[in-house]
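S.K.:
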Amino acid sequence: MTGSGTAERIFIAPEAEAEMEEQSDVEAVAGKGLRGDRYFREIETGTFVEWEPDEERHDGYDLTLIEQEAVTAIEREAEIELAPGEHRRNIETRDVALNHLVGQRFRVGDAICRGDRLCEPCNHLQRITQDGVLQALTHRGGLRADILEDGIIRPGDVIEPLE
1 MTGSGTAERI
11 FIAPEAEAEM
21 EEQSDVEAVA
31 GKGLRGDRYF
41 REIETGTFVE
51 WEPDEERHDG
61 YDLTLIEQEA
71 VTAIEREAEI
81 ELAPGEHRRN
91 IETRDVALNH
101 LVGQRFRVGD
111 AICRGDRLCE
121 PCNHLQRITQ
131 DGVLQALTHR
141 GGLRADILED
151 GIIRPGDVIE
161 PLE
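Counted the way the UniProt record's numbering counts, the sequence shown spans residues 1 to 163.
(1) Measuring alpha carbon to alpha carbon, tell me which of Ala28, Ser24 and Glu21 ends up nearest Arg107.
(2) Quick one: what does DSSP say Phe48 is sitting in, helix, strand or coil?
(3) Using DSSP's beta-bridge definition, name the partner residues of Asp146.
(4) Roughly how many angstroms separate the alpha carbons of Gly31 and Cys113, rounded to a whole number?
(5) For Cys119, which option in Ala111, Ile91 and Ser24 has the closest C-alpha, if you only look at C-alpha atoms?
(6) Does Ile80 come out as helix, strand or coil in the three-state DSSP assignment?
(7) Going by C-alpha distance, which of Asp95, Glu77, Arg89 and Glu79 is nearest Gly60?
(8) Have a look at the DSSP bridge pairing and note the partners of Ile152.
(9) My guess is that Leu65 and Leu143 are in contact by the Cβ rule of under 8 Å, so how many angstroms apart are they, rounded?
(10) Just reading off the alpha helix (DSSP H) that Val133 is part of, what are its end residues?
(11) Given Leu162, which residues of its chain have a CB within under 8 Å of its CB, disregarding the five upstream and five downstream residues?
(12) Secondary structure at Thr72, three-state DSSP: helix, strand or coil?
(13) Count the C-beta pairs between the stretch 62-76 and the stretch 136-156 that are closer than 8 Å, then say yes if the count reaches three, no if not.
(14) Once the 5 residues before and after Phe40 are set aside, which same chain residues still bring their CB inside 7 Å of it?
(15) When we look at the beta-carbon of Pro84 and count the other beta-carbons within 10 Å, is it buried (16 or more) or exposed?
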């Protein structure tokens with residue numbers, strides 16, 4: 001994997017625990033998230049987060065990304081096959097080392113983002129998929145990021161570090 005790659009697939013879920021829906025494009029809104037997604041600041045219905053209307057938004061909930069290579073690896077190594085979007089991440093990437101983007105600014109499509117922290121798998125993901133997914137995705141479950149500048153993100157868009 002290189003320093004830059006591509007956004008291959010885009011998913012949002014309109015509410016907590018709803019099935020992820022593949023998108024042809026999505027509007028990334030600074031400080032709010034992906035329009036239409038369960039973690040979008042005006043919706044606030046994510047499984048793990050509830051904000052008060054006047055409370056400052058928590059870091060790392062605007063956007064989540066996962067490497068397609070990690071999804072392929074767990075299928076090969078642990079015989080865990082995830083259906084499209086079943087990983088619960090917003091963007092599947094190709095050819096970019098997401099772990100290296102923690103603390104870094106990067107562009108995805110027209111949007112400017114900052115990697116906040118790793119998006120480690122959780123018991124909820126294992127509960128809705130299958131046993132073993134938690135261990136299989138540890139340290140390769142993706143990246144939580146904040147959107148710093150608005151933009152549209154589409155499949156095929158370049159993901160590149162800015163620093």
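Just so it is clear, CB atoms sit at the ideal spot from N, CA and C, and this is done for glycine as well.
M.R.: On the basis of the supplied data:
(1) If you number the sequence shown from 1, residue 107 lands on position 107. Nearest option by C-alpha distance: Ala28.
(2) Here the question's residue 48 lines up with position 48 in the sequence shown. Caution is warranted here: a pLDDT of 49 is assigned to Phe48, below 50, making its placement in the model unreliable, and the coordinate value is therefore given only provisionally. Here Phe48 sits in coil by DSSP.
(3) In the sequence shown, the residue the question calls residue 146 occupies position 146. DSSP, once it has assigned bridges, lists Arg114 as partnering Asp146.
(4) For the purposes of this step, residue 31 is taken as the residue at position 31 of the sequence shown. For the purposes of this step, residue 113 is taken as the residue at position 113 of the sequence shown. Taking the straight line from one Cα to the other gives about 10 Å.
(5) Residue 119 sits at position 119 when you count from the first residue of the sequence shown. Minimum Cα distance to Cys119 is reached at Ile91.
(6) Residue numbering aside, residue 80 sits at position 80 when the sequence shown is read from its first letter. Correct three-state label for Ile80: coil.
(7) If you number the sequence shown from 1, residue 60 lands on position 60. Among Asp95, Glu77, Arg89 and Glu79, the Cα nearest to that of Gly60 is on Arg89.
(8) For the purposes of this step, residue 152 is identified with residue 152 of the sequence shown, where counting begins at 1. Bridge partners of Ile152: Glu27.
(9) The residue you call residue 65 lines up with position 65 of the sequence shown. The residue you call residue 143 lines up with position 143 of the sequence shown. The Cβ separation is near 5 Å, so the contact holds.
(10) Within the sequence shown, residue 133 is the residue found at index 133, counting from 1. Unbroken alpha helix (DSSP H) run through Val133: Val133 to Leu137.
(11) Taking the sequence shown and counting its residues from 1, one reaches residue 162 at position 162. Taken in chain order, the residues that qualify are Gln104, Arg105, Phe106, Arg107 and Ile112.
(12) Taking the first residue of the sequence shown as position 1, residue 72 is located at position 72. DSSP places Thr72 in helix when its eight states are reduced to three.
(13) yes
(14) Locating residue 40 in the sequence shown gives position 40, counting from the first residue. Contacts found: Lys32, Gly33 and Leu34.
(15) Taking the first residue of the sequence shown as 1, we reach residue 84 at position 84. Exposed, because fewer than 16 other Cβ atoms sit within 10 Å of the Cβ of Pro84.
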